[in-house]
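Trainee: Starting off with a structure, shown below.
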Amino acid sequence: MHPHYAAIYRAVRGVPRGRVATYGQIALLCGLPGRARQVGYALHALPAGSPVPWQRVLNVRGDISLGHESGQRQRRLLAAEGVEFDERGRVDLGRFQWKPRRMRSL
DNA sequence: GCCAGGGCGCTAA
DNA sequence: ATTAGCGCCCTGG
Numbered sequence: 019m020h021p022h023y024a025a026i027y028r029a030v031r032g033v034p035r036g037r038v039a040t041y042g043q044i045a046l047l048c049g050l051p052g053r054a055r056q057v058g059y060a061l062h063a064l065p066a067g068s069p070v071p072w073q074r075v076l077n078v079r080g081d082i083s084l085g086h087e088s089g090q091r092q093r094r095l096l097a098a099e100g101v102e103f104d105e106r107g108r109v110d111l112g113r114f115q116w117k118p119r120r121m122r123s124l
C-alpha cells in the first residue's frame with residue numbers, strides 16, 4: 019500500500035454525512051496539492067466494508083466519475099444521506115460541499 | 001524499464 | 001458552457 023494512502027483515508031473520514039468533497043480538495047487537505055488523481059487511486063484500493071466514506075468524494079464538477087455500476091451504488095449511498103442530484107446527475111457543490119475551517123483559513 | 005490508460009484538475013481559448 | 005493541453009503519479013501489460 020502506498021504511504022500516502024493513510025493520510026488520504028484520514029482526510030476522507032473527516033467528511034461529514036450528507037456533505038461531499040472533491041478529489042482535489044482531499045489532496046489539498048492532506049498536503050498533496052495537485053495530486054487529486056492519487057486520491058482516486060487510494061479510494062479505488064479500499065476494501066469493501068471499510069469505514070472510509072469513499073462515496074462522499076466527487077470530481078470538481080460535482081458529478082460521479084465512476085462507471086455505471088459503481089456509479090449507481092455511489093449515488094444511492096449519497097442520496098440515502100440526503101445529498102441531492104439534479105436531473106443531469108450532478109450535485110450542487112455550492113450547497114453540499116464540505117468546508118472545513120482548516121481550509122477556509124488558507 | 002517503456003508505454004498507455006486511469007474514480008483528477010487547472011488554465012487558456 | 002466546452003474543449004484542449006498539460007501536470008500529476010499509480011497500475012498493468
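This note's numbering runs 18 ahead of the 1-based position in the first sequence.
C-beta atoms are modelled at their ideal positions from N, C-alpha and C, and glycine is treated no differently.
Any idea if Q73 is buried or exposed, counting beta-carbon neighbours within 10 angstroms, 16 or more meaning buried?
Mentor: Q73 comes out buried.
Trainee: According to DSSP, simplified to helix, strand and coil, what is L175?
Mentor: In the structure displayed, the chain extends from 19 to 124; residue 175 sits before or after that span and is not available.
Trainee: When burial is assigned at 16 or more other CB atoms within 10 Å of the CB, is Q78 buried or exposed?
Mentor: Residue identity differs from the one stated: residue 78 is Val in this sequence, not Gln. Counting Cβ neighbours within 10 Å, V78 comes out exposed, since fewer than 16 surround it.
Trainee: Once DSSP output is grouped into helix, strand and coil, what is the label at V57?
Mentor: V57 falls in the helix class under three-state DSSP.
Trainee: What does V70 pair with, by DSSP beta-bridge criteria?
Mentor: According to DSSP, which records beta bridges pairwise, V70 is partnered with nothing at all.
Trainee: Could you tell me which of R93, K117, Q115 and P118 sits nearest to R106, measuring between CA atoms?
Mentor: Closest option to R106, Cα to Cα, is R93.
Trainee: Look up V33 in the DSSP assignment and say whether it is helix, strand or coil.
Mentor: It is coil, neither helix nor strand.
Trainee: Are there 16 or more other CB atoms within 10 angstroms of the CB of R31, so buried, or fewer, so exposed?
Mentor: Exposed, because fewer than 16 other Cβ atoms sit within 10 Å of the Cβ of R31.
Trainee: Drop a sphere of 10 angstroms on the beta-carbon of G80, count the other beta-carbons inside from all chains shown, and report buried for 16 or more, exposed for fewer.
Mentor: Classification for G80: buried.
Trainee: First and last residue of the alpha helix (DSSP H) that includes I13?
Mentor: Residue 13 lies beyond the range of the chain shown here (19 to 124); nothing can be said about it.
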